[in-house]
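*Asks:* Residue numbers (our numbering): 536 to 747.
1. Here's the rule I'm using: 16 or more other beta-carbon atoms within 10 Å means buried, otherwise exposed. How should residue 651 be labelled?
2. How big is the Cα-Cα spacing for residue 581 and residue 559?
3. Can you list the alpha helix (DSSP H) stretches of 4 or more residues lying completely in the region 656–713, in chain order?
4. By alpha-carbon positions, which one of 627, 574, 687 ends up nearest to residue 648?
5. For residue 547, which of 691, 623, 672 has the nearest alpha-carbon?
6. From which residue to which residue does the alpha helix (DSSP H) around residue 632 run?
7. What I want to know is whether the C-beta of residue 640 ends up closer than 7 angstroms to one or more non-hydrogen atoms of the ligand SAH.
8. Do residue 588 and residue 571 have their beta-carbon atoms positioned less than 8 angstroms apart in this structure?
9. Touch check for the region 538–555 and the region 607–620: three-plus C-beta pairs under 8 angstroms?
10. With burial defined as no fewer than 16 other Cβ atoms inside 10 Å of the residue's Cβ, what is the status of residue 710: buried or exposed?
11. Let me check understanding here. Comparing Cα to Cα, which of 715, 681, 688 lies closest to residue 695?
12. State the beta-bridge partners of residue 550 as determined by DSSP.
13. Terminal residues of the continuous alpha helix (DSSP H) containing residue 563?
14. In whole angstroms, give me the CA-to-CA distance for residue 676 and residue 669.
15. On the CB-based measure, 16 or more other CB atoms within 10 Å of its CB, does residue 673 come out buried or exposed?
16. In or out: residue 576 buried (at least 16 other Cβ within 10 Å) or exposed?
17. Who are the near neighbours of residue 631 in its chain, counting only those whose CB is closer than 7 angstroms to its CB and skipping five residues on each side?
18. Going by Cα to Cα distance, which pick from 641, 671, 634, 736 is closest to residue 655?
19. Secondary structure at residue 537, three-state DSSP: helix, strand or coil?
20. Please identify the residue among 663, 745, 732, 545 whose C-alpha is closest to the C-alpha of residue 564.
21. Measure how close the beta-carbons of residue 662 and residue 543 come, nearest whole angstrom, since I'm counting them as under 8 angstroms.
22. Note down the Cα distance separating residue 727 from residue 720, rounded to an integer number of angstroms.
Right, dumping it as structure tokens:
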């Protein structure tokens, strides 16, 4: 099992697979793994999400970070862990979800939008912060947050981030980005997902070079 830091060091991208089915999980996961995207998230409002997490974790969990998104309640954390997931991502900050995640030994990435939420999430034990929704802010917000957050805080931007604006967010201080519908939509063929993923990977590498 690799850590979040190790995954982001490899490539600063997280694939949000909202709507994926268990039947799609392995071929889509294979496409993403081949492209090099190191973090795979199955939102819990997908069909049979725990089964999809189990399939992805069994196949890719040794070399990739696999887990759940849209985790809203503490009791869901145990089911993610039972399925083999190692990361719990939420659209909001819920202290009980963060604490349950840390007790389970998993990576906690709550959603935040304000400095107050950011510091409350860190106080609760968050491993990283998910700035969401990204399409409601400018990269300048990332820079402003970065100026006041503790050094070393991992900030990922999700929502409205794609190849065309990834470099701007990373230059402003984002450590990575969650990519959803720009990468995967329900029913999109695995081969098409792979081609899109490869373009995103190239954009991420270029963005990292410019941000360095």
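Built from N, CA and C at the ideal position, the CB exists for glycine as well.
What you are looking at is a predicted structure, and each value in this text was computed from that prediction instead of being measured.
*Replies:* The relevant details are as follows:
1. exposed
2. 12 angstroms
3. 674–683, 701–706
4. 627
5. 691
6. 630–638
7. No copy of the ligand SAH occurs in the structure displayed, which carries no ligand at all.
8. no
9. no
10. buried
11. 715
12. 575, 714
13. 557–570
14. 10 angstroms
15. exposed
16. buried
17. 609
18. 634
19. coil
20. 732
21. Residue 662 to residue 543, Cβ: 11 angstroms. No contact.
22. 10 angstroms
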